[in-house]
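In the numbering used here, the protein residues as written are 184 to 623.
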(Lines of atoms letter the chains of each structure in order from A and count residues from 1; the text may use other names and numbers.)
(Lines give C-alpha, C1' and ligand atoms only; values in the text may rest on other atoms or scores of the structure.)
Protein backbone atom coordinates (compact mmCIF):
# COMPACT_ATOMS: atom_id res chain seq x y z
CA UNK A 1 0.00 0.00 0.00
CA UNK A 2 2.86 2.40 0.81
CA UNK A 3 4.45 1.91 -2.62
CA UNK A 4 1.10 2.49 -4.31
CA UNK A 5 0.57 5.74 -2.38
CA UNK A 6 4.11 6.78 -3.28
CA UNK A 7 3.35 6.01 -6.94
CA UNK A 8 0.34 8.32 -6.76
CA UNK A 9 2.38 11.12 -5.17
CA UNK A 10 5.16 10.85 -7.76
CA UNK A 11 2.60 10.83 -10.58
CA UNK A 12 1.09 14.04 -9.20
CA UNK A 13 4.56 15.61 -9.00
CA UNK A 14 5.31 14.59 -12.59
CA UNK A 15 1.95 16.00 -13.71
CA UNK A 16 2.69 19.35 -12.04
CA UNK A 17 6.13 19.44 -13.69
CA UNK A 18 4.60 18.65 -17.08
CA UNK A 19 1.82 21.21 -16.49
CA UNK A 20 4.39 23.95 -15.81
CA UNK A 21 6.83 23.15 -18.62
CA UNK A 22 3.97 23.04 -21.15
CA UNK A 23 2.66 26.43 -19.98
CA UNK A 24 -0.45 24.87 -18.36
CA UNK A 25 -1.40 22.91 -21.47
CA UNK A 26 -3.44 20.18 -19.79
CA UNK A 27 -3.92 18.07 -22.94
CA UNK A 28 -0.32 18.18 -24.06
CA UNK A 29 1.10 14.66 -24.55
CA UNK A 30 2.91 14.37 -21.19
CA UNK A 31 0.14 16.04 -19.18
CA UNK A 32 -2.37 13.63 -20.71
CA UNK A 33 -0.23 10.62 -19.83
CA UNK A 34 0.39 11.79 -16.25
CA UNK A 35 -3.29 12.62 -15.68
CA UNK A 36 -4.46 9.22 -16.91
CA UNK A 37 -1.95 7.37 -14.71
CA UNK A 38 -3.18 9.39 -11.72
CA UNK A 39 -6.77 8.33 -12.44
CA UNK A 40 -5.82 4.66 -12.85
CA UNK A 41 -3.72 4.69 -9.67
CA UNK A 42 -6.62 6.18 -7.68
CA UNK A 43 -8.84 3.29 -8.79
CA UNK A 44 -6.07 0.81 -7.89
CA UNK A 45 -5.72 2.34 -4.40
CA UNK A 46 -9.48 2.08 -3.87
CA UNK A 47 -9.27 -1.64 -4.66
CA UNK A 48 -6.14 -2.59 -2.69
CA UNK A 49 -8.02 -5.01 -0.48
CA UNK A 50 -10.39 -6.31 -3.18
CA UNK A 51 -7.49 -7.17 -5.49
CA UNK A 52 -4.97 -8.16 -2.79
CA UNK A 53 -2.42 -5.70 -4.17
CA UNK A 54 1.08 -5.86 -2.74
CA UNK A 55 2.65 -3.28 -5.02
CA UNK A 56 6.40 -3.73 -5.45
CA UNK A 57 9.06 -1.04 -5.34
CA UNK A 58 10.44 -2.32 -8.66
CA UNK A 59 7.11 -1.69 -10.40
CA UNK A 60 7.00 1.75 -8.77
CA UNK A 61 10.43 2.64 -10.19
CA UNK A 62 9.66 1.35 -13.68
CA UNK A 63 6.34 3.20 -13.98
CA UNK A 64 7.55 6.52 -12.57
CA UNK A 65 10.79 6.44 -14.57
CA UNK A 66 8.87 5.58 -17.74
CA UNK A 67 6.46 8.48 -17.26
CA UNK A 68 9.37 10.71 -16.29
CA UNK A 69 11.18 9.87 -19.54
CA UNK A 70 8.08 10.95 -21.49
CA UNK A 71 7.94 14.27 -19.58
CA UNK A 72 11.65 14.94 -20.14
CA UNK A 73 11.34 14.27 -23.88
CA UNK A 74 8.48 16.75 -24.14
CA UNK A 75 10.54 19.36 -22.28
CA UNK A 76 13.37 18.94 -24.79
CA UNK A 77 10.93 19.10 -27.72
CA UNK A 78 9.51 22.38 -26.41
CA UNK A 79 13.01 23.84 -26.23
CA UNK A 80 13.97 22.58 -29.69
CA UNK A 81 10.74 23.68 -31.37
CA UNK A 82 10.79 26.99 -29.56
CA UNK A 83 7.83 28.85 -28.15
CA UNK A 84 6.17 31.17 -30.62
CA UNK A 85 3.47 33.69 -29.94
CA UNK A 86 0.31 32.89 -31.80
CA UNK A 87 -1.72 35.52 -33.56
CA UNK A 88 -4.55 36.44 -31.22
CA UNK A 89 -8.07 36.68 -32.60
CA UNK A 90 -10.00 39.16 -30.50
CA UNK A 91 -13.30 38.30 -32.16
CA UNK A 92 -12.39 35.08 -33.92
CA UNK A 93 -12.86 36.61 -37.38
CA UNK A 94 -9.81 34.82 -38.81
CA UNK A 95 -11.16 31.39 -37.82
CA UNK A 96 -13.00 30.02 -40.84
CA UNK A 97 -15.51 27.21 -41.14
CA UNK A 98 -14.57 24.16 -43.19
CA UNK A 99 -16.47 24.39 -46.45
CA UNK A 100 -18.13 21.21 -47.69
CA UNK A 101 -21.27 20.78 -49.78
CA UNK A 102 -24.33 19.21 -48.17
CA UNK A 103 -24.83 16.82 -51.08
CA UNK A 104 -21.37 15.36 -50.39
CA UNK A 105 -22.27 14.78 -46.74
CA UNK A 106 -25.57 13.12 -47.74
CA UNK A 107 -23.72 10.92 -50.26
CA UNK A 108 -21.29 9.78 -47.55
CA UNK A 109 -24.17 9.03 -45.20
CA UNK A 110 -25.75 6.81 -47.85
CA UNK A 111 -22.36 5.15 -48.46
CA UNK A 112 -21.96 4.44 -44.74
CA UNK A 113 -25.42 2.91 -44.49
CA UNK A 114 -24.84 0.69 -47.53
CA UNK A 115 -21.49 -0.53 -46.16
CA UNK A 116 -23.02 -1.12 -42.71
CA UNK A 117 -25.81 -3.23 -44.20
CA UNK A 118 -23.31 -5.16 -46.32
CA UNK A 119 -21.12 -5.73 -43.26
CA UNK A 120 -24.12 -6.90 -41.21
CA UNK A 121 -25.07 -9.34 -43.95
CA UNK A 122 -21.53 -10.75 -44.07
CA UNK A 123 -21.45 -11.15 -40.28
CA UNK A 124 -24.83 -12.90 -40.36
CA UNK A 125 -23.56 -15.34 -43.00
CA UNK A 126 -20.43 -16.14 -40.96
CA UNK A 127 -22.04 -16.42 -37.51
CA UNK A 128 -25.45 -17.77 -38.47
CA UNK A 129 -28.70 -17.25 -36.59
CA UNK A 130 -28.47 -16.04 -32.99
CA UNK A 131 -31.17 -15.22 -30.40
CA UNK A 132 -30.18 -11.53 -30.35
CA UNK A 133 -28.22 -8.95 -32.31
CA UNK A 134 -25.97 -8.39 -29.30
CA UNK A 135 -25.01 -12.06 -29.23
CA UNK A 136 -24.44 -11.97 -33.01
CA UNK A 137 -21.95 -9.13 -32.69
CA UNK A 138 -20.27 -10.62 -29.61
CA UNK A 139 -19.84 -13.98 -31.34
CA UNK A 140 -18.26 -12.34 -34.37
CA UNK A 141 -15.93 -10.37 -32.12
CA UNK A 142 -14.81 -13.60 -30.44
CA UNK A 143 -14.05 -15.04 -33.87
CA UNK A 144 -11.90 -11.98 -34.52
CA UNK A 145 -10.01 -12.51 -31.27
CA UNK A 146 -9.35 -16.13 -32.26
CA UNK A 147 -8.05 -14.94 -35.63
CA UNK A 148 -5.68 -12.46 -33.98
CA UNK A 149 -4.36 -15.22 -31.75
CA UNK A 150 -3.48 -17.32 -34.78
CA UNK A 151 -6.43 -19.71 -34.60
CA UNK A 152 -8.31 -20.41 -37.82
CA UNK A 153 -11.62 -18.58 -38.16
CA UNK A 154 -13.69 -17.12 -40.95
CA UNK A 155 -13.68 -13.39 -41.67
CA UNK A 156 -15.41 -10.92 -43.97
CA UNK A 157 -13.89 -10.30 -47.39
CA UNK A 158 -10.91 -8.04 -47.89
CA UNK A 159 -12.93 -5.70 -50.11
CA UNK A 160 -15.40 -4.77 -47.41
CA UNK A 161 -12.54 -4.28 -44.94
CA UNK A 162 -11.16 -1.56 -47.21
CA UNK A 163 -14.57 0.07 -47.51
CA UNK A 164 -14.82 0.01 -43.71
CA UNK A 165 -11.68 2.16 -43.56
CA UNK A 166 -13.48 4.78 -45.66
CA UNK A 167 -16.50 4.58 -43.38
CA UNK A 168 -14.27 5.09 -40.35
CA UNK A 169 -12.58 8.05 -42.04
CA UNK A 170 -15.93 9.78 -42.64
CA UNK A 171 -16.60 9.70 -38.90
CA UNK A 172 -13.33 11.40 -37.99
CA UNK A 173 -13.70 13.96 -40.76
CA UNK A 174 -17.35 14.60 -39.89
CA UNK A 175 -16.48 15.27 -36.25
CA UNK A 176 -13.70 17.66 -37.28
CA UNK A 177 -15.91 19.68 -39.63
CA UNK A 178 -18.84 19.79 -37.18
CA UNK A 179 -16.62 21.02 -34.34
CA UNK A 180 -15.04 23.58 -36.67
CA UNK A 181 -18.46 24.87 -37.67
CA UNK A 182 -19.66 25.02 -34.05
CA UNK A 183 -16.59 26.89 -32.81
CA UNK A 184 -16.77 29.36 -35.68
CA UNK A 185 -20.25 30.37 -34.54
CA UNK A 186 -21.59 30.32 -38.11
CA UNK A 187 -25.37 29.91 -37.70
CA UNK A 188 -25.77 29.00 -41.37
CA UNK A 189 -23.92 25.75 -40.67
CA UNK A 190 -26.44 24.38 -38.16
CA UNK A 191 -28.34 22.37 -40.77
CA UNK A 192 -25.08 20.94 -42.08
CA UNK A 193 -23.96 20.04 -38.57
CA UNK A 194 -27.08 17.90 -38.16
CA UNK A 195 -26.11 16.05 -41.33
CA UNK A 196 -22.52 15.73 -40.12
CA UNK A 197 -23.63 14.28 -36.79
CA UNK A 198 -25.73 11.74 -38.66
CA UNK A 199 -22.70 10.93 -40.82
CA UNK A 200 -20.66 10.35 -37.68
CA UNK A 201 -23.32 8.06 -36.22
CA UNK A 202 -23.51 5.95 -39.39
CA UNK A 203 -19.71 5.71 -39.46
CA UNK A 204 -19.78 4.12 -36.01
CA UNK A 205 -22.23 1.34 -36.95
CA UNK A 206 -19.47 -1.13 -38.00
CA UNK A 207 -17.67 -0.49 -34.71
CA UNK A 208 -20.84 -1.43 -32.83
CA UNK A 209 -21.13 -4.56 -34.97
CA UNK A 210 -17.79 -5.88 -33.71
CA UNK A 211 -18.80 -5.05 -30.11
CA UNK A 212 -15.83 -2.70 -29.83
CA UNK A 213 -16.18 -0.19 -27.02
CA UNK A 214 -12.51 0.61 -27.54
CA UNK A 215 -13.34 1.93 -31.00
CA UNK A 216 -15.97 4.22 -29.49
CA UNK A 217 -13.50 5.47 -26.88
CA UNK A 218 -10.95 6.17 -29.62
CA UNK A 219 -13.55 8.24 -31.42
CA UNK A 220 -14.50 10.18 -28.29
CA UNK A 221 -10.84 10.91 -27.53
CA UNK A 222 -10.54 12.28 -31.07
CA UNK A 223 -13.48 14.64 -30.44
CA UNK A 224 -11.93 15.85 -27.19
CA UNK A 225 -8.53 16.77 -28.61
CA UNK A 226 -9.93 18.24 -31.84
CA UNK A 227 -12.24 20.54 -29.88
CA UNK A 228 -9.33 21.52 -27.64
CA UNK A 229 -7.04 22.36 -30.56
CA UNK A 230 -9.64 24.16 -32.69
CA UNK A 231 -10.84 26.20 -29.71
CA UNK A 232 -7.28 27.40 -29.10
CA UNK A 233 -6.81 28.11 -32.79
CA UNK A 234 -9.73 30.52 -32.60
CA UNK A 235 -9.17 32.14 -29.22
CA UNK A 236 -5.38 31.86 -28.91
CA UNK A 237 -3.07 29.46 -27.12
CA UNK A 238 -2.59 31.95 -24.29
CA UNK A 239 -6.18 31.27 -23.21
CA UNK A 240 -6.48 28.39 -20.77
CA UNK A 241 -9.06 25.60 -20.74
CA UNK A 242 -7.51 23.51 -17.97
CA UNK A 243 -10.21 23.81 -15.33
CA UNK A 244 -12.95 23.27 -17.90
CA UNK A 245 -11.17 20.14 -19.13
CA UNK A 246 -10.79 18.87 -15.56
CA UNK A 247 -14.50 19.41 -14.91
CA UNK A 248 -15.30 17.74 -18.23
CA UNK A 249 -13.08 14.81 -17.29
CA UNK A 250 -14.81 14.33 -13.93
CA UNK A 251 -18.21 14.60 -15.61
CA UNK A 252 -17.05 12.13 -18.25
CA UNK A 253 -16.10 9.58 -15.58
CA UNK A 254 -19.42 10.04 -13.76
CA UNK A 255 -21.47 9.65 -16.95
CA UNK A 256 -19.11 7.27 -18.72
CA UNK A 257 -18.95 4.64 -15.98
CA UNK A 258 -22.62 3.58 -16.21
CA UNK A 259 -22.57 3.88 -20.01
CA UNK A 260 -19.50 1.64 -20.22
CA UNK A 261 -20.99 -0.80 -17.74
CA UNK A 262 -24.39 -1.19 -19.39
CA UNK A 263 -22.97 -1.16 -22.92
CA UNK A 264 -21.47 -4.56 -22.13
CA UNK A 265 -24.95 -6.06 -22.14
CA UNK A 266 -25.89 -4.27 -25.36
CA UNK A 267 -22.97 -5.84 -27.22
CA UNK A 268 -23.63 -9.31 -25.87
CA UNK A 269 -21.15 -9.48 -22.97
CA UNK A 270 -22.65 -10.97 -19.84
CA UNK A 271 -21.31 -10.59 -16.30
CA UNK A 272 -22.60 -10.41 -12.74
CA UNK A 273 -20.28 -7.76 -11.32
CA UNK A 274 -21.28 -4.42 -9.84
CA UNK A 275 -20.65 -1.22 -11.76
CA UNK A 276 -17.78 0.04 -9.56
CA UNK A 277 -16.10 -3.36 -9.48
CA UNK A 278 -16.43 -3.82 -13.23
CA UNK A 279 -15.29 -0.35 -14.32
CA UNK A 280 -12.45 -0.29 -11.77
CA UNK A 281 -11.02 -3.40 -13.41
CA UNK A 282 -10.68 -1.58 -16.71
CA UNK A 283 -9.42 1.74 -15.37
CA UNK A 284 -7.22 0.71 -12.45
CA UNK A 285 -6.57 -2.97 -12.99
CA UNK A 286 -3.66 -2.22 -15.31
CA UNK A 287 -1.62 -0.81 -12.42
CA UNK A 288 -2.05 -3.97 -10.34
CA UNK A 289 -1.47 -6.28 -13.29
CA UNK A 290 1.70 -4.45 -14.31
CA UNK A 291 3.05 -5.14 -10.85
CA UNK A 292 2.04 -8.80 -11.18
CA UNK A 293 3.92 -8.99 -14.47
CA UNK A 294 7.04 -7.39 -12.98
CA UNK A 295 7.01 -9.89 -10.12
CA UNK A 296 6.09 -12.85 -12.33
CA UNK A 297 6.96 -12.17 -16.01
CA UNK A 298 6.25 -14.58 -18.83
CA UNK A 299 9.08 -15.74 -21.14
CA UNK A 300 9.78 -13.83 -24.35
CA UNK A 301 9.81 -15.93 -27.52
CA UNK A 302 10.60 -13.36 -30.22
CA UNK A 303 11.53 -9.76 -31.03
CA UNK A 304 8.66 -7.30 -30.62
CA UNK A 305 6.14 -10.10 -30.18
CA UNK A 306 3.78 -7.93 -28.12
CA UNK A 307 4.54 -4.36 -29.25
CA UNK A 308 5.12 -4.84 -32.99
CA UNK A 309 2.59 -7.51 -33.87
CA UNK A 310 1.52 -6.16 -37.25
CA UNK A 311 5.09 -5.19 -38.15
CA UNK A 312 6.20 -8.76 -37.43
CA UNK A 313 3.40 -10.11 -39.62
CA UNK A 314 4.77 -8.11 -42.54
CA UNK A 315 8.31 -9.39 -41.89
CA UNK A 316 6.98 -12.92 -41.66
CA UNK A 317 5.44 -12.63 -45.12
CA UNK A 318 8.95 -12.03 -46.48
CA UNK A 319 10.39 -14.87 -44.45
CA UNK A 320 11.87 -12.85 -41.59
CA UNK A 321 11.15 -13.04 -37.88
CA UNK A 322 8.15 -14.70 -36.29
CA UNK A 323 4.41 -14.41 -36.79
CA UNK A 324 3.21 -12.75 -33.58
CA UNK A 325 0.16 -14.19 -31.86
CA UNK A 326 0.23 -12.06 -28.69
CA UNK A 327 -2.40 -9.46 -29.65
CA UNK A 328 -4.26 -10.17 -26.42
CA UNK A 329 -2.05 -10.61 -23.38
CA UNK A 330 -2.49 -13.30 -20.75
CA UNK A 331 -5.27 -12.80 -18.20
CA UNK A 332 -4.44 -12.57 -14.50
CA UNK A 333 -6.53 -12.51 -11.35
CA UNK A 334 -7.75 -9.30 -9.74
CA UNK A 335 -9.54 -10.64 -6.72
CA UNK A 336 -12.70 -12.28 -8.06
CA UNK A 337 -12.13 -10.80 -11.53
CA UNK A 338 -9.65 -11.39 -14.34
CA UNK A 339 -8.13 -8.89 -16.74
CA UNK A 340 -5.36 -8.55 -19.33
CA UNK A 341 -4.43 -4.85 -19.46
CA UNK A 342 -0.95 -3.79 -18.27
CA UNK A 343 -0.39 -0.06 -18.96
CA UNK A 344 1.67 1.57 -21.73
CA UNK A 345 4.91 0.02 -20.48
CA UNK A 346 4.27 -3.74 -20.28
CA UNK A 347 4.58 -4.63 -23.95
CA UNK A 348 7.88 -2.77 -24.66
CA UNK A 349 9.32 -3.93 -21.31
CA UNK A 350 8.55 -7.53 -22.20
CA UNK A 351 9.84 -7.22 -25.77
CA UNK A 352 12.97 -5.12 -25.35
CA UNK A 353 13.91 -5.06 -21.67
CA UNK A 354 14.11 -1.96 -19.47
CA UNK A 355 16.49 -0.03 -21.75
CA UNK A 356 14.40 -0.91 -24.78
CA UNK A 357 11.26 0.21 -22.95
CA UNK A 358 12.83 3.63 -22.36
CA UNK A 359 13.89 3.87 -26.02
CA UNK A 360 10.40 2.85 -27.17
CA UNK A 361 8.87 5.49 -24.86
CA UNK A 362 11.28 8.14 -26.16
CA UNK A 363 10.37 7.39 -29.78
CA UNK A 364 6.62 7.56 -29.12
CA UNK A 365 7.06 10.78 -27.11
CA UNK A 366 9.16 12.38 -29.87
CA UNK A 367 6.56 11.41 -32.46
CA UNK A 368 3.64 12.97 -30.58
CA UNK A 369 5.55 16.05 -29.45
CA UNK A 370 6.86 16.63 -32.96
CA UNK A 371 3.30 16.61 -34.32
CA UNK A 372 1.94 18.75 -31.51
CA UNK A 373 4.63 21.42 -31.25
CA UNK A 374 6.03 21.43 -34.79
CA UNK A 375 2.90 20.91 -36.87
CA UNK A 376 -0.07 22.11 -34.78
CA UNK A 377 0.48 24.34 -31.78
CA UNK A 378 0.89 28.07 -32.48
CA UNK A 379 0.22 27.45 -36.17
CA UNK A 380 -2.27 29.54 -38.13
CA UNK A 381 -5.08 27.40 -39.43
CA UNK A 382 -4.64 26.05 -42.96
CA UNK A 383 -5.43 22.92 -44.95
CA UNK A 384 -2.03 21.47 -44.04
CA UNK A 385 -2.50 22.18 -40.32
CA UNK A 386 -6.03 20.72 -40.49
CA UNK A 387 -4.56 17.49 -41.86
CA UNK A 388 -2.09 17.28 -38.98
CA UNK A 389 -4.91 17.89 -36.48
CA UNK A 390 -6.89 15.05 -38.07
CA UNK A 391 -3.88 12.71 -37.81
CA UNK A 392 -3.15 13.75 -34.24
CA UNK A 393 -6.80 13.27 -33.27
CA UNK A 394 -6.86 9.80 -34.80
CA UNK A 395 -3.73 8.74 -32.89
CA UNK A 396 -4.44 10.58 -29.63
CA UNK A 397 -6.00 7.53 -27.95
CA UNK A 398 -2.51 5.99 -27.91
CA UNK A 399 -1.64 8.53 -25.20
CA UNK A 400 -5.05 8.88 -23.58
CA UNK A 401 -5.21 5.13 -22.92
CA UNK A 402 -1.58 4.91 -21.79
CA UNK A 403 -2.40 4.13 -18.16
CA UNK A 404 -4.49 1.16 -19.30
CA UNK A 405 -2.80 -0.42 -22.31
CA UNK A 406 -0.17 -0.04 -25.01
CA UNK A 407 -1.85 0.60 -28.37
CA UNK A 408 1.21 0.13 -30.57
CA UNK A 409 -0.19 -3.21 -31.73
CA UNK A 410 -2.96 -1.28 -33.53
CA UNK A 411 -1.25 1.97 -34.50
CA UNK A 412 2.04 0.54 -35.80
CA UNK A 413 0.37 -1.19 -38.73
CA UNK A 414 -0.32 -0.89 -42.44
CA UNK A 415 -4.04 -0.71 -41.64
CA UNK A 416 -3.54 2.40 -39.50
CA UNK A 417 -1.37 4.03 -42.17
CA UNK A 418 -3.97 3.30 -44.86
CA UNK A 419 -6.74 4.76 -42.68
CA UNK A 420 -4.73 7.96 -42.13
CA UNK A 421 -4.08 8.26 -45.88
CA UNK A 422 -7.79 7.79 -46.57
CA UNK A 423 -8.69 10.44 -43.98
CA UNK A 424 -6.36 12.98 -45.61
CA UNK A 425 -7.38 12.16 -49.19
CA UNK A 426 -11.07 12.16 -48.35
CA UNK A 427 -10.82 15.42 -46.41
CA UNK A 428 -8.93 16.98 -49.31
CA UNK A 429 -11.53 15.77 -51.79
CA UNK A 430 -14.72 16.78 -50.00
CA UNK A 431 -13.42 20.21 -49.01
CA UNK A 432 -12.18 21.07 -52.49
CA UNK A 433 -15.12 19.87 -54.57
CA UNK A 434 -17.11 22.94 -55.51
CA UNK A 435 -19.93 21.43 -57.55
CA UNK A 436 -23.22 22.89 -56.40
CA UNK A 437 -26.66 21.35 -56.75
CA UNK A 438 -29.57 23.50 -55.60
CA UNK A 439 -29.42 25.77 -52.61
CA UNK A 440 -27.13 25.17 -49.59
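Built from N, CA and C at the ideal position, the CB exists for glycine as well. For clarity, every value in this text was computed on a predicted model and none was experimentally measured.
- Taking C-beta separations shorter than 7 Å and ignoring five residues to either side along the sequence, the partners of residue 412 in its chain run 559 and 572, following chain order.
- Within the DSSP bridge table, the entry for residue 521 names 516 as partners.
- The criterion of a C-beta distance shorter than 7 Å is not satisfied by residue 440 and residue 580.
- In the displayed model, residue 288 falls within a helix according to three-state DSSP.
- For residue 207, there is no enclosing alpha helix (DSSP H), as DSSP marks it with neither H nor E.
- DSSP, reduced to helix, strand and coil, places residue 414 within a helical segment of the structure shown.
- With a threshold of 16 other beta carbon atoms within 10 Å, residue 482 falls short and is exposed.
- One thing to note: residue 386 has its Cβ no nearer than 7 Å to the Cβ of residue 464.
- Annotated as proximal: residue 310 and residue 323, with beta-carbon spacing under 7 Å.
- In the three-state DSSP reduction, residue 420 falls in the coil class, being neither helix nor strand.
- Under a 10 Å Cβ-count criterion, residue 347 is classified as buried, with 16 or more other Cβ atoms of the shown protein chains found around its own Cβ.
- The Cβ atoms of residue 594 and residue 529 lie no closer than 7 Å to each other.
- Taking the Cα of residue 561 as reference, the smallest distance to any Cα among 212, 284 and 418 is reached at 418.
- With 16 or more other Cβ atoms from the protein chains shown falling within 10 Å of its own Cβ, residue 220 counts as buried.
- When only Cα atoms are considered, residue 241 and residue 281 end up about 50 Å apart.
- When DSSP assignments are scanned along the segment 204–266, the uninterrupted stretches of alpha helix (DSSP H) that are 4 or more residues long and fall wholly within it turn out to be 212–229, 231–234 and 240–264.
- DSSP, read as helix, strand or coil, puts residue 191 in helix.
- The C-beta distance from residue 467 to residue 227 rounds to 4 Å, short enough to meet the 8 Å contact threshold.
- The residues 405, 573, 576, 577 and 606, in chain order, have a CB closer than 7 Å to that of residue 355 in the same chain once the five nearest residues on each side in sequence are set aside.
- For the 7 Å CB-CB criterion, residue 524 and residue 601 do not form a contact.
- Under the DSSP assignment, residue 478 falls in the alpha helix (DSSP H) whose first and last residues are 468–478.
- Leaving aside the five residues that flank residue 541 on each side, the residues in its chain whose CB is nearer than 6 Å to its CB run, in chain order, 252.
- For residue 548, the enclosing alpha helix (DSSP H) covers residues 529–552.
- The Cβ atoms of residue 596 and residue 499 lie no closer than 7 Å to each other.
- Close CB contacts of residue 537 within its chain, under the 8 Å cut and outside five residues either way in sequence, are with 245 (chain order).
- Under the DSSP assignment, residue 375 falls in the alpha helix (DSSP H) whose first and last residues are 373–386.
- In this structure, residue 469 places its C-beta atom within 7 Å of the C-beta atom of residue 526.
- For residue 592, the enclosing alpha helix (DSSP H) begins and ends at 591–594.
- Following the DSSP letters along the chain, one finds residue 564 in no alpha helix (DSSP H), marked with neither H nor E.
- Counted as a single uninterrupted DSSP element, the alpha helix (DSSP H) harbouring residue 348 occupies residues 341–367.
- In this structure, residue 353 sits away from residue 392, with a CB-CB distance that is not shorter than 7 Å.
- For residue 491, the secondary structure class from DSSP, reduced to helix, strand or coil, is coil.
- Its Cα nearest to that of residue 263, the residue 549 stands out among 549, 250 and 305.
- In terms of Cβ geometry, residue 599 and residue 212 do not form a close pair [threshold 7 Å].
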